[in-house]
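K.L.:
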Amino acid sequence: MDSLSRIRSIASACWPWIRIPFWIGTGLLFGFVLPYSLILNKRVQDRFNDLVFAVPTRVYSQPVRLAPGVPMTPGALEVGLTFSGYVSDGHGDVPGSWARKGGIYVISSRGYAGPGGGELPKHIRVVLERGIVQSVTDLGTGKALQETHLDPARIATVYGPKQEDRSIVQLSDVPPLLVGGLQAVEDRDFKHHIGVDFTAILRAAFADLRAGHAVQGASTITQQLVRNLFLSRDQTMGRKLNEALMSILLEMHYDKSRILDAYINEVFLGQQGNQAVRGFAAASEFYFGRRLEYLRPQEIAMLVGLVKGPSQFDPRRFPDRALARRNLVLDQFASTGLLTQEQARAAQATPLGVIANGQLPHDRFPAFMQWVRVQITHDFDEETLRQGNLSIFTTLDPATQLYTEQSIDATIKSLGKRGDDTQAAAVITDSRTGSVLAVVGSKVAGDQGFNRALDAQRPIGSTIKPFVYLVALTQPERWNLASELDDSPISMRQPDGTPWTPHNDDNQSHGMVPMVDALAYSWNLATIHLGLDVGVPRIKAFLDSFGLVKIQPGPSLLIGAIDLAPIQVAQLYQYLASGGHALPLLAVSGVVDGNGRTIKRYEVQSGQGEYQPAVRLVTWAMQQVATYGTAHTLAESSLAALHVAGKTGTSNDLRDSWFAGFTGDRLGVFWMGRDDNKPSHLFGATGALRAWQELFRKLPTQPLSAAPGDGLEMAWINPVDGKRSDPQCSGAKQVPVIAGSLSSDSEGCFWQKVGNLFGSSPNAPAPADATPATTVTRE
364 MDSLSRIRSI ASACWPWIRI PFWIGTGLLF GFVLPYSLIL NKRVQDRFND LVFAVPTRVY
424 SQPVRLAPGV PMTPGALEVG LTFSGYVSDG HGDVPGSWAR KGGIYVISSR GYAGPGGGEL
484 PKHIRVVLER GIVQSVTDLG TGKALQETHL DPARIATVYG PKQEDRSIVQ LSDVPPLLVG
544 GLQAVEDRDF KHHIGVDFTA ILRAAFADLR AGHAVQGAST ITQQLVRNLF LSRDQTMGRK
604 LNEALMSILL EMHYDKSRIL DAYINEVFLG QQGNQAVRGF AAASEFYFGR RLEYLRPQEI
664 AMLVGLVKGP SQFDPRRFPD RALARRNLVL DQFASTGLLT QEQARAAQAT PLGVIANGQL
724 PHDRFPAFMQ WVRVQITHDF DEETLRQGNL SIFTTLDPAT QLYTEQSIDA TIKSLGKRGD
784 DTQAAAVITD SRTGSVLAVV GSKVAGDQGF NRALDAQRPI GSTIKPFVYL VALTQPERWN
844 LASELDDSPI SMRQPDGTPW TPHNDDNQSH GMVPMVDALA YSWNLATIHL GLDVGVPRIK
904 AFLDSFGLVK IQPGPSLLIG AIDLAPIQVA QLYQYLASGG HALPLLAVSG VVDGNGRTIK
964 RYEVQSGQGE YQPAVRLVTW AMQQVATYGT AHTLAESSLA ALHVAGKTGT SNDLRDSWFA
1024 GFTGDRLGVF WMGRDDNKPS HLFGATGALR AWQELFRKLP TQPLSAAPGD GLEMAWINPV
1084 DGKRSDPQCS GAKQVPVIAG SLSSDSEGCF WQKVGNLFGS SPNAPAPADA TPATTVTRE
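The working numbering applies: residue 364 is where the sequence shown begins, and numbers increase by one.
#1: Could I get the ranges of all uninterrupted alpha helix (DSSP H) runs contained in the region 918-953, with 4 residues as the minimum, in chain order?
#2: Skipping 5 residues on each side, what residues in its chain have a beta carbon closer than 6 Å to that of Asp1084?
#3: Going by the C-beta, is Leu483 closer than 6 Å to any heavy atom of the ligand SAH?
#4: Are the beta-carbon atoms belonging to Trp461 and Ile470 less than 7 Å from one another?
#5: Would you kindly check if the distance between the Cβ of Leu1052 and the Cβ of Ala994 is under 7 Å?
#6: Tell me where the alpha helix (DSSP H) around Arg684 begins and ends.
#7: Measuring CA to CA, which of Glu482, Gly1031, Gly824, Ile627 is closest to Asp926?
#8: With distance defined between alpha-carbon atoms, name the residue in Val790, Gly910, Gly751 nearest to Leu765.
#9: Where does Lys671 sit, in a helix, a strand or coil, going by DSSP?
#10: Using a Cβ-Cβ cutoff of less than 8 Å, which residues in the same chain neighbour Gln1091 once the five nearest sequence positions on both sides are dropped?
#11: Compute the beta-carbon to beta-carbon distance between Val450 and Gly652, rounded to the nearest angstrom, for a pair I have assumed lies under 8 Å.
#12: Counting only runs of 3+ residues fully inside the region 630-670, write out the beta strand (DSSP E) ranges in chain order.
#13: Just curious, the alpha helix (DSSP H) that Met1077 is in, first and last residue?
#14: Count the other CB atoms, across all protein chains shown, that sit within 10 Å of the CB of Thr420; report buried if there are 16 or more and exposed otherwise.
#15: When the Cα of Asn1015 is compared with those of Met1035, Phe1025, Pro1042, which residue comes out closest?
#16: If I'm right that Leu429 touches Val521 with Cβ under 8 Å, what's the distance once you round it to whole angstroms?
#17: What are the boundary residues of the beta strand (DSSP E) that includes Ala787?
#18: Leaving out the 5 sequence neighbours to the left and right, which residues in its chain are closer than 6 Å to His512 when beta-carbon positions are compared?
#19: So what does DSSP say about Met1035, is it helix, strand or coil?
#20: Helix, strand or coil for Phe1022 per DSSP?
#21: Nearest to Leu911 by CA position, among Thr890, Arg901, Gly917, Gln934, is which residue?
#22: Going straight from the alpha carbon of Arg749 to that of Phe813, what length do you get?
#23: Using alpha carbons as the reference points, say which of Pro877, Trp886, Trp863 lies closest to Gln871.
#24: With burial defined as no fewer than 16 other Cβ atoms inside 10 Å of the residue's Cβ, what is the status of Glu745: buried or exposed?
#25: Among residues of its own chain, excluding the 5 on either side of Gly943, which ones have a beta-carbon nearer than 7 Å to its beta-carbon?
#26: Using a 10 Å radius around the Cβ and a threshold of 16 neighbouring Cβ atoms, would you call Ser472 buried or exposed?
#27: Out of Thr500, Asp452, Met855, Gly898, which one is the CA nearest neighbour of His486?
#28: Looking at Phe643: is its Cβ nearer than 7 Å to the Cβ of Ile627?
#29: If you draw a straight line from the C-alpha of Gly503 to the C-alpha of His454, how long is it?
#30: Taking just the CA atoms, how far does Trp1021 sit from Thr1011?
#31: Under 7 Å, do Thr1057 and Ser770 count as touching if we go by C-beta distance?
#32: If you drop the 5 nearest sequence neighbours on each side, which residues of the same chain put their C-beta closer than 8 Å to that of Trp386?
#33: Quick check on Trp334: does DSSP put it in helix, strand or coil?
#34: Under 7 Å, do Pro1063 and Ala439 count as touching if we go by C-beta distance?
#35: Is there contact here, the region 1070-1077 with the region 979-987, by at least three beta-carbon pairs under 8 Å?
#36: Could you check where the beta strand (DSSP E) with Trp1143 kicks off and where it finishes?
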């Protein structure tokens, strides 16, 4: 009998036994397995062809600017470095690291792409001395730099439906050691298997049997990717069969590089709160504050080691476990020839080098972020922001924000029990550009609740007065800073018929007083008389031009019976601080898409300005507030050299404490009070001013010039008639005036001689250095 006949004979004999299983198997194959495989195949192809990784919208601070002459202290620079995830490693040679020796810093910047074009990575030396940057040198070329920037800090994240942080990276940009090391540790036969490694399965099964429990996995990189993209992590037979089948199907349609590319961007490598870290690029930033291409062998080994268990080997929670796992991975790198034994041993001798705080801030500065949303939602709706893959560059300065929070905290604590019920808010801007550098909406840093900086409308008290004087000084033919104002009592009928009888803080009137002193001492009666002469409607119209609403035109407006939020007060004072330019307060500088293209820039081009000479006069007068007036503690402190221009404010019954003040490049507006509107028992000078001082003791800033400014000239004035006088005349006051607004002729002391012939005038001015006996400077 030939072989074929023998086979047929055996088959005929066995057929009765295998007939039923055969037809059942055939039925299952064509009736279930094949259709099910086709369904899975379509699912795998559809999902993988349309694979778009969710990249959240990231929000960044402004970059740290380093240029000779720029105000900078070691503390402020190190705050900026820390917020940006830089590490002090004693060398400063690796991108994202720095070292310090005295006032000399060596920094390796990482570079960034921003709305202004960004910067390339640099290795620089920065010298700080006397509160400014003395020099910046490019260590690569040895040349002095006129200006450079450090990459900005990530301050917030706007997530979509999934709370996942991810940075997309192309396989060609991944360090070869990471690509090879991942395969060496997780899937050595990756290049050869069909999606499932049957040899690894047998090897793992034998190891598990020998140990008596599960000790070795057998999942390939393809299987891990399928599990992440398509399946749950349930340990069921059905899930495992689906995983194996889908892995084989995936390998049938896509090459190894496409699978590896997807895996590197998808793998789960950590968690911060409810935010997941996906992919090696995001993990590199999260753990080391650097991009993948800058990682050293020991850092790559740690990330590869995390694949086995990001929670189990979390380097921040379990550093010993992470170190042991990393060193084991380095041994595997060496055993597969990726590193030499010497390189592996050198890497094993290094510390983990993980940065203290992960770079996944969800909303570290909620008060500031609210102002960002106010601005950006004019151009981007909430859905666009949540779709992600945008980079929003803001104007926030981390050092200014941190110092502002600390200044409020220190001031609240200094109040003792009064501080328990006292709240606070602050807005800090760049006085030259209108860029908002910091916003604090609560005495508790990072409070996600009520934002008092934007939403607390409170009476601003005497903080309004500089604008009353400003409107008057736009008429130099009528008023100058030496003009006498009437500080006598006043009584008026309000619209409801009730009398209005305002008074000064010291409950006294001071007769005829020079305008500059009326502002410096914040005398209400003199301000009201001036405002009535100028015209309340005119002053209201000026305030209306800033977009303020619900301003009542009554005379009480003149002494601050107007409810504004700190951000609105900052907008008003920005006009003064910028020299008469109505600059909007900007929180966003630009938006960049996922490809690095700038899709929106926010810039303000300041025009010629208006009322600039009058603004300079008011600024000079506000410097007198800080010299001998209600904020005289500034001149008596270490801040005297800043020549601050400022104004205190206190509302009725000591409910609200305000201070707005600016230097040559910074404006700060502070408010303190109680949420229940009960008296806080704080004057402007005993609450908000103290917080302002706490901030500016730390904040790098330029002094404001003490000179009157362009378009002004100093002149000796007779306060009685506002005309030029001689310095030796009793009562003559030297103040800046608008150049050309006064006759060049001086009337000398003739006016005094005439007064002596007919007896002293009751309105004769006091000596120039005299101050009222009942002066109160608490406000």
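Just so you know, even glycine gets a beta-carbon here, dropped at the ideal spot from N, CA and C.
P.N.:
Here's the rundown:
#1: Runs of the alpha helix (DSSP H) inside the region 918-953: 929-940.
#2: Position 721 of the sequence shown holds residue 1084. Correct list: empty, nothing qualifies.
#3: Inclusion of the ligand SAH in the displayed structure is not the case, the ligand content being empty and no account of it being possible.
#4: Here residue 461 is taken as the residue at index 98 of the sequence shown, counted from 1. Here residue 470 is taken as the residue at index 107 of the sequence shown, counted from 1. Yes, the Cβ-Cβ distance between Trp461 and Ile470 is below 7 Å.
#5: As a position in the sequence shown, residue 994 is number 631, starting the count at 1. As a position in the sequence shown, residue 1052 is number 689, starting the count at 1. Yes; because the gap between Cβ atoms is below 7 Å, this pair is in contact.
#6: In the sequence shown, the residue the question calls residue 684 occupies position 321. Residues 682-698.
#7: Walking along the sequence shown from the start, residue 926 turns up at place 563. Minimum Cα-Cα distance from Asp926 among the listed residues Glu482, Gly1031, Gly824, Ile627 corresponds to Gly824.
#8: Numbered from its first residue, the sequence shown carries residue 765 at position 402. If we check each option's Cα against that of Leu765, Val790 comes out closest.
#9: On the sequence shown, position 308 is the one that residue 671 refers to. Coil at Lys671, not helix or strand.
#10: As a first step, residue 1091 is located in the sequence shown; it is residue number 728 there, counting from the start. Answer for Gln1091: Cys1112, listed in chain order.
#11: Here residue 450 is taken as the residue at index 87 of the sequence shown, counted from 1. Here residue 652 is taken as the residue at index 289 of the sequence shown, counted from 1. The Cβ separation is near 6 Å, so the contact holds.
#12: Fully enclosed beta strand (DSSP E) runs of 3 or longer: 631-635, 638-641.
#13: Within the sequence shown, the letter at position 714 stands for residue 1077. Secondary structure note for Met1077: it is in no alpha helix (DSSP H), and the uninterrupted beta strand (DSSP E) holding it is 1075-1081.
#14: Sequence index remark: in the sequence shown, residue 420 carries index 57 (1-based). Buried, since its Cβ has 16 or more Cβ neighbours within 10 Å.
#15: Numbered from 1 along the sequence shown, position 652 holds the residue referred to as residue 1015. Out of Met1035, Phe1025, Pro1042, the CA that lies nearest to the CA of Asn1015 is found in Pro1042.
#16: Reading the sequence shown from its first residue, position 66 is the one you call residue 429. Reading the sequence shown from its first residue, position 158 is the one you call residue 521. Actually they do not touch by this definition, with Cβ atoms about 29 Å apart.
#17: As a working mapping, residue 787 is identified with position 424 in the sequence shown. Counting along the chain, the beta strand (DSSP E) containing Ala787 begins and ends at 786-793.
#18: For this step, residue 512 is matched to residue 149 along the sequence shown. Cβ within range, chain order: Pro426, Arg428, Glu482.
#19: Start at 1 with the first residue of the sequence shown, and residue 1035 comes out as number 672. Here DSSP, grouped into helix, strand and coil, assigns Met1035 to strand.
#20: Numbered from its first residue, the sequence shown carries residue 1022 at position 659. For Phe1022, the three-state secondary structure derived from DSSP is strand.
#21: Within the sequence shown, the letter at position 548 stands for residue 911. It is Gln934 whose Cα lies nearest to the Cα of Leu911.
#22: As a working mapping, residue 749 is identified with position 386 in the sequence shown. As a working mapping, residue 813 is identified with position 450 in the sequence shown. If you draw a straight line from the Cα of Arg749 to the Cα of Phe813, it comes to about 23 Å.
#23: Here residue 871 is taken as the residue at index 508 of the sequence shown, counted from 1. Looking at the Cα atoms, Trp886 is the closest of the given residues.
#24: Counting from one through the sequence shown, the residue named residue 745 turns up at place 382. So Glu745 ends up on the exposed side.
#25: As a first step, residue 943 is located in the sequence shown; it is residue number 580 there, counting from the start. Excluding positions up to five away in sequence, the list reads Gly972, Glu973, Tyr974, Gln975, Val978.
#26: Looking up residue 472 in the sequence shown gives position 109. By the 10 Å Cβ count, Ser472 comes out buried.
#27: Counting from 1 along the sequence shown, the entry for residue 486 is found at position 123. Among Thr500, Asp452, Met855, Gly898, the Cα nearest to that of His486 belongs to Thr500.
#28: In the sequence shown, counting from the first residue as 1, residue 643 sits at position 280. In the sequence shown, counting from the first residue as 1, residue 627 sits at position 264. A contact, by the Cβ cut-off of 7 Å.
#29: For this step, residue 503 is matched to residue 140 along the sequence shown. For this step, residue 454 is matched to residue 91 along the sequence shown. Straight through space, the alpha carbons of His454 and Gly503 are spaced by roughly 15 Å.
#30: The residue you call residue 1011 lines up with position 648 of the sequence shown. The residue you call residue 1021 lines up with position 658 of the sequence shown. C-alpha separation (whole angstroms): 6 Å.
#31: Sequence index remark: in the sequence shown, residue 1057 carries index 694 (1-based). Sequence index remark: in the sequence shown, residue 770 carries index 407 (1-based). It is Glu, not Thr, that sits at residue 1057 in the sequence shown. Glu1057 places its beta carbon less than 7 Å from that of Ser770.
#32: Counting from 1 along the sequence shown, the entry for residue 386 is found at position 23. Per-residue confidence for Trp386 stands at a pLDDT of 46, beneath the threshold of 50, marking its modelled position as unreliable; the derived number appears in the next sentence. If the five residues before and after Trp386 are omitted, its C-beta is found closer than 8 Å to no C-beta atom of its own chain.
#33: This structure cannot speak to residue 334, because the chain is shown only from 364 to 1142.
#34: Here residue 1063 refers to the residue found at position 700 when the sequence shown is read from its first residue. Here residue 439 refers to the residue found at position 76 when the sequence shown is read from its first residue. Cβ atoms of Pro1063 and Ala439: closer than 7 Å.
#35: Taking 8 Å as the limit for Cβ pairs, the verdict is that the region 979-987 does touch the region 1070-1077.
#36: Because the chain spans 364 through 1142 in this model, residue 1143 falls outside it and cannot be assessed.
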